[in-house]
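Protein chains in written order, with our numbering: chain C, -1 to 286; chain S, 466 to 1028.
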């Protein structure tokens, strides 16, 4: 195997099924750049995704991937990490998949603090099914199914994640490329559950939260902002409207789930075949 | 008393210690050389209610419960009332508290309070029963002592002292109340395991690396047993947030390279159905234990039924290959669980092991297992890895060479869409057809390695009894009872119900004058499946769906024979 530096070209180029101008393109490019910056080669990374336009992203770069069911990316990724904690796993899906269908898994994964990078394409609308309200659609958002406007209050993923003390919580905007790459790079480096909620326009179905709408509102956190201050992070995560803060909102270092697992199946610590055979014999005979 | 079989039933409320008592007594019987089959009957509650732990024991193989009771250990009055008829049927003896005012026929009233701390009533009763049965005191108190030793030395001492006190008191009982056991030859050393413990041991023997689950009766104890040995065996056991997560985690772990499983019951399995289809599309091997209980919906959570055959057979959208193993004994639970992992890996398909509450909780005596698995009869021919590697390479067997991600320079892909050989999405019609055919070809791999049904009896019997899963023992016993009175009854038992290979059994069905299918559901699910697959119409069925396991009495009575 060669040890040449990883380049963008290693991640290849594919034809996509995304609409021209979609925020997904910028996110895909940023993901590749962050991986190259981290020195990770395609065969060293596993992408796990669910269903939706965002969830197709792993098909559009060269890497290992598991593209599973709608809402179920996190449990698959959890299984991968528990079976082999050494693997680098990136979960990538949209707001409907991660916060709607997969909401319970989102909460459980934060609680576990599994070492995963979770990248959510958040365009506040269902794209693949053509325009219905998503969990993050703003109240009053009208669609063919919600002609009187979405009646439920929008889900604030970063506020929920900070409230649960997810160990890394960032918000980014697909239109501020360098900041997005930086947020992804830091998320990849973070040991533990790392959420990057990426705001992005949907040109086809979200006529409210447009590129301009986000551009006018997204403001980077000031350099003096301390992501270790949970109360401040809680307050900041709650800000939405005239201004939308972007950057790393919260970060805390605590042991990952894998580290805490009493019986890790890391190949280095798994009992040897001989020991297992002897143990199995003893287990069986304990039933005598 | 039957010269070969007898039944001891312990009854009381949940929380009175009847499982501890029953477990210790069953173990003492096994160590004394008897064969056993335990039936646990309990209500869906933590305290109170009426539960029983029934040990049927015999001098030769026992595979099913019986209804008549030779010795009833009634930890409360309700037990004595409820089982009055079953005790009378065997002219049995009842062990009761001396405080009880209830009228019971042949009864022994134990002054618990005078013998030991009444908190150990269950252990005193065990001692009394052991004395009546003529078991060896040191054997019984030794079992109790080692049972509690795990907790602490003081409880081991106190509990075995209670057993001794009960035993010595019981030895003074009038000889007329002795339930003298039929003599037994000292047997080979045997294990005592229930179905769920055997499933866990089978999984460990198969080298399982990962199990995710969400607790649900009666499957939970499979995972409890795995968890007990997880550290020493290098297994990760994860309690998932729900069943959907459990099976998706199992698929993730299997993709990462470990042998992987989940265990659930009907309602939980309903939540897993979409991911069964995912296992098929991604071609990731996974073993799914479905411990059946009566439905629909919550049904009878702690009771038994065989009503999820069609559900498990058809669960998951789309068309794909799978195998359904339905062990009929505790030995088969071990063998088939281990085999399930091998089949799943050989066919890269979901493989199901279906049991039910009766078998899950039924302790039996078994010889120690051979821990070396016999090879598959007809394993698929392995295909070489091509460069570039394609996760879904089209092959003759339908099985593509499988790699583990991040273990080489190759990219390993799992995809839920229809995909090309590379694993990338396709909508190309010819490729779609090829991929469906590829996934269905793997059924041939499973068919070539199917567990053949087991036939016992004459070549052209008057009556052939057909069974699958846990009713095996009761059916065999019903046939034996009828043959003993001059009938000509054979049995055909299926330890695997999918795929079915008619050439293995059609001749047997055709040779019998009458055929009857015995199954624990109301809609004759297996009989109808057999007809669909072989064209053979089984004329009659004996069905049971009251939540209770089959007994030979139940079957014989419904066959309208006179014994």
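Glycine included, every Cβ here is placed at the ideal spot set by N, Cα and C.
Since the model is a prediction, treat every value here as computed from it, not as a measurement.
Give me the Cα-Cα distance between residue i and residue j, rounded to the nearest whole angstrom.
i              : j              : result
residue 896/S  : residue 695/S  : 43 angstroms
residue 726/S  : residue 83/C   : 18 angstroms
residue 225/C  : residue 180/C  : 15 angstroms
residue 65/C   : residue 743/S  : 10 angstroms
residue 1011/S : residue 823/S  : 13 angstroms
residue 953/S  : residue 926/S  : 5 angstroms
residue 415/S  : residue 942/S  : Nothing in the structure corresponds to residue 415/S, since chain S is present only between 466 and 1028.
residue 536/S  : residue 686/S  : 28 angstroms
residue 938/S  : residue 900/S  : 42 angstroms
residue 770/S  : residue 699/S  : 34 angstroms
residue 49/C   : residue 855/S  : 22 angstroms
residue 497/S  : residue 540/S  : 25 angstroms
residue 963/S  : residue 848/S  : 26 angstroms
residue 261/C  : residue 616/S  : Its pLDDT being 44, under 50, residue 261/C is placed unreliably in this model, and the coordinates cannot settle the point.
residue 544/S  : residue 481/S  : 12 angstroms
residue 23/C   : residue 120/C  : 13 angstroms
residue 1026/S : residue 1016/S : 15 angstroms
residue 4/C    : residue 240/C  : 40 angstroms
residue 41/C   : residue 809/S  : 26 angstroms
Could you list which residues in chain C have their beta carbon closer than 7 angstroms to that of residue i, in chain order?
i             : result
residue 697/S : 269 and 277
residue 877/S : 62
residue 703/S : 80
residue 500/S : Near residue 500/S there are no residues of chain C at all, since even the closest Cβ is about 15 angstroms away, more than 7 angstroms.
residue 880/S : 65
Which chain C residues are close to residue i, counting only those with a beta carbon under 8 angstroms from its beta carbon?
i             : result
residue 590/S : By Cβ distance, chain C contributes nothing, its closest Cβ being about 24 angstroms from residue 590/S, past 8 angstroms.
residue 520/S : Chain C residues near residue 520/S: none, gap ~16 angstroms exceeds 8 angstroms.
residue 707/S : 102
Which residue or residues does DSSP assign as beta-bridge partners of residue i?
i              : result
residue 120/C  : 197/C
residue 470/S  : 523/S
residue 128/C  : Its beta-bridge partners do not exist; DSSP assigns none.
residue 920/S  : 957/S
residue 979/S  : 928/S
residue 171/C  : 197/C
residue 1005/S : 981/S
residue 518/S  : 475/S and 505/S
Tell me which residues share the same chain as residue i and place their Cβ nearer than 6 angstroms to its Cβ, disregarding the 5 neighbours each side in the sequence.
i             : result
residue 588/S : 624, 627 and 628
residue 164/C : 108, 191 and 193
residue 721/S : none
residue 493/S : 600, 604, 605 and 608
residue 470/S : 523
residue 219/C : 243 and 245
residue 638/S : 573
residue 843/S : 913 and 914
residue 234/C : 243 and 247
residue 21/C  : 172, 198 and 199
residue 68/C  : 48, 49, 95 and 99
residue 269/C : none
residue 167/C : 156, 159, 160, 193, 247 and 248
residue 735/S : none
Starting from residue i, find everything on chain S with Cβ-Cβ shorter than 8 angstroms and list it in chain order.
i             : result
residue 75/C  : 717
residue 283/C : 656 and 833
Please work out which residues of its chain come closer than 7 angstroms, Cβ to Cβ, to residue i, disregarding the five sequence neighbours upstream and downstream, and give them in chain order.
i             : result
residue 517/S : 474, 475, 476 and 506
residue 264/C : For residue 264/C, the predicted structure reports a pLDDT of 48, less than 50, and the residue's modelled location is therefore unreliable. A value from the coordinates is still provided. Excluding residues within five positions, the ones whose Cβ falls inside 7 angstroms are 83 and 84.
residue 881/S : 743, 746 and 747
residue 491/S : 501, 503, 520, 657 and 828
Against residue i, what residues of chain S qualify as contacts under a CB-to-CB distance less than 7 angstroms, listed in chain order?
i             : result
residue 175/C : Result: empty, since nearest Cβ-Cβ is about 26 angstroms, beyond 7 angstroms.
residue 57/C  : 889 and 890
residue 44/C  : 870 and 871
Under 9 angstroms between beta-carbons, which chain S residues line up against residue i? List them in chain order, please.
i             : result
residue 161/C : Chain S residues near residue 161/C: none, gap ~18 angstroms exceeds 9 angstroms.
Which same chain residues end up closer than 8 angstroms to residue i when comparing Cβ atoms and leaving out the 5 residues on each side of it in sequence?
i             : result
residue 278/C : none
Quick one: which chain C residues come within Cβ less than 9 angstroms of residue i?
i             : result
residue 796/S : Simply none; closest approach about 12 angstroms.
Write down every uninterrupted run of the beta strand (DSSP E) in the segment 675 to 700 of chain S whose length is 3 residues or greater and which is fully enclosed by it, in chain order.
675 to 678
Complete beta strand (DSSP E) runs within the segment 189 to 256 of chain C (minimum length 3 residues, chain order)
192 to 197, 216 to 218 and 242 to 249
Please give me, in chain order, every unbroken run of the alpha helix (DSSP H) with length at least 4 that falls completely inside the segment 548 to 607 of chain S.
549 to 554, 577 to 580 and 586 to 598
Would you mind listing the beta strand (DSSP E) stretches within the segment 850 to 907 of chain S that are 3+ residues and don't spill past its ends, in chain order?
As far as the segment 850 to 907 of chain S is concerned, its whole beta strand (DSSP E) runs of at least 3 residues are 878 to 880.
Complete beta strand (DSSP E) runs within the segment 735 to 782 of chain S (minimum length 3 residues, chain order)
751 to 757
Where in the segment 701 to 740 of chain S do unbroken runs of the beta strand (DSSP E), each at least 3 residues long, occur, reported from the N-terminal end onward?
Runs of the beta strand (DSSP E) inside the segment 701 to 740 of chain S: 701 to 704 and 725 to 729.
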